[in-house]
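**Student:** I have a structure here, written as structure tokens, and I will follow up with some questions on it.
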Amino acid sequence: MMHSSDNNLNSLNSGQDSLGLSDIINIILNQKYYVLAFTAIVFLFFVAYVTISDNVYRSEIKFIKSENLSTPESSNLPSIGGLASFSGLGLDSNSREEEIAVSVLFSKKFLYEFLKKHDKIFLELQSDESNSGLDWRQNGLVMEDLYIEFKDLINHDKNKQTKIHTLSVSWSNAEDGAFLANALLDDLNVYTRELAQQKAEKRIEFLSREQASSDLINSKAIFSKLIESSINENMIANTEVEYSFEIIDPAVPSSYHYSPNRLYLLFIGLFLGTFIGILSAFIKEFLVKDT
-6 MMHSSDNNLN SLNSGQDSLG LSDIINIILN QKYYVLAFTA IVFLFFVAYV TISDNVYRSE
54 IKFIKSENLS TPESSNLPSI GGLASFSGLG LDSNSREEEI AVSVLFSKKF LYEFLKKHDK
114 IFLELQSDES NSGLDWRQNG LVMEDLYIEF KDLINHDKNK QTKIHTLSVS WSNAEDGAFL
174 ANALLDDLNV YTRELAQQKA EKRIEFLSRE QASSDLINSK AIFSKLIESS INENMIANTE
234 VEYSFEIIDP AVPSSYHYSP NRLYLLFIGL FLGTFIGILS AFIKEFLVKD T
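-6 is the number of the first residue of the sequence shown in the working numbering; add one for each residue after it.
What follows is the structure, encoded as structure tokens:
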């Protein structure tokens, strides 16, 4: 062994700055136990990680824009223009109603109400706070942390060709994940529907007041048409359950976990351990050469 090491060092000192393939192989073989030790340590670390990691399941719900957001008679994006102001998003009235409705899904006002409504989210993400003795719904810091954590577990995507939306929730329990994905869209429809109702009722009240104060016959006829249109919008908002989005494929509990990918992580651990081991072997070999 010492003879092999001496030959290798002599090769390095021969005046050539570059290493040949035989030199590299000799270094690895000379420090094989060093390489194996590092490989084993890193690999075992990854084994421990994938063993203790909880499975995460992704539940998806697919939906499309409801006709209520596109038909002129029931287009509530005057209403959903009110949606933008009510939700605090600061979106102008020229924004498309579909985009605003999706934006509401990730808004603080909507998600705060959703989080307060479903205790299982708090128990999953902020279980340490449950023993504080305080009402977590009234704790601004807890709500902010809960909002940030939960928002990161939600993903939205839209197929530009088919116009189909996909909303997914990543959760440690498949049943709870599917429930939350379905509940998010149900609550979003309720939320936007209530905002449209409020907008239509305010418009009807205003138009009725203006009609009563007008003495011109033509103006009264115009106000009547506007009131009729607002009443139709209010009727749709009160009767349509899937007001903003229509569900085409509800979320169901998945039998297969989304992450972690254990086989992939083990491969990464083996590769990383081997790389660190070989790199350390070279460092050790050159340190021996310098001394």
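From the three backbone atoms N, C-alpha and C, an ideal C-beta is built for every residue, glycine too.
Tell me the residue span of the beta strand (DSSP E) that contains residue 242.
**Tutor:** 238 to 242
**Student:** If you measure from the beta carbon of residue 111 to each beta carbon in chain B, is any gap under 8 Å?
**Tutor:** Absent from the structure: chain B. Only one protein chain is present.
**Student:** Would residue 237 and residue 193 be called neighbours here (beta carbons separated by less than 8 Å)?
**Tutor:** In this structure, residue 193 does not lie closer than 8 Å to residue 237 by Cβ.
**Student:** Rounded to whole angstroms, what's the CA-CA distance from residue 267 to residue 246? Just pull it up for me.
**Tutor:** 39 Å
**Student:** Would you tell me roughly how many angstroms separate the C-alpha atoms of residue 254 and residue 165, rounded to the nearest one?
**Tutor:** 14 Å
**Student:** Per the contact definition of three or more C-beta pairs closer than 8 Å, is the segment 87 to 105 in contact with the segment 215 to 231?
**Tutor:** no
**Student:** Residue 160 and residue 54 - do their beta-carbons sit closer together than 8 Å?
**Tutor:** Cβ distance < 8 Å, so residue 54 and residue 160 count as in contact.
**Student:** By alpha-carbon positions, which one of 16, 263, 274 ends up nearest to residue 37?
**Tutor:** The residue among 16, 263, 274 with its C-alpha nearest the C-alpha of residue 37 is 263.
**Student:** Can you tell me which of the three DSSP states residue 146 falls into?
**Tutor:** coil
**Student:** Of all the alpha helix (DSSP H) runs that stay within the bounds of the segment 154 to 183, which reach a length of 4 or more residues?
**Tutor:** none
**Student:** Would you report the Cα separation of residue 153 and residue 59, rounded to the nearest angstrom?
**Tutor:** 16 Å
**Student:** Compute the distance between the beta-carbons of residue 201 and residue 220, then report whether it is under 8 Å.
**Tutor:** Contact: yes.
**Student:** With a 10 Å radius around its C-beta and 16 neighbouring C-beta atoms as the bar for buried, classify residue 228 as buried or exposed.
**Tutor:** exposed
**Student:** Identify which residue in 256, 279, 106, 172 has its Cα closest to the Cα of residue 50.
**Tutor:** 172
**Student:** Are the CB atoms of residue 146 and residue 240 nearer to each other than 8 Å?
**Tutor:** Not in contact: residue 146 and residue 240 (Cβ atoms no closer than 8 Å).
**Student:** Could you name the residues of the same chain whose beta carbon sits closer than 7 Å to that of residue 235, not counting the 5 residues immediately before and after it, in chain order?
**Tutor:** 59, 182
**Student:** Apart from the five residues just before and just after residue 98, which ones in its own chain have a Cβ nearer than 6 Å to its Cβ?
**Tutor:** The beta carbon of residue 98 lies closer than 6 Å to those of 181 in the same chain, with the five residues before and after it left out.
**Student:** So the beta strand (DSSP E) residue 50 belongs to, where does it begin and stop?
**Tutor:** 50 to 58
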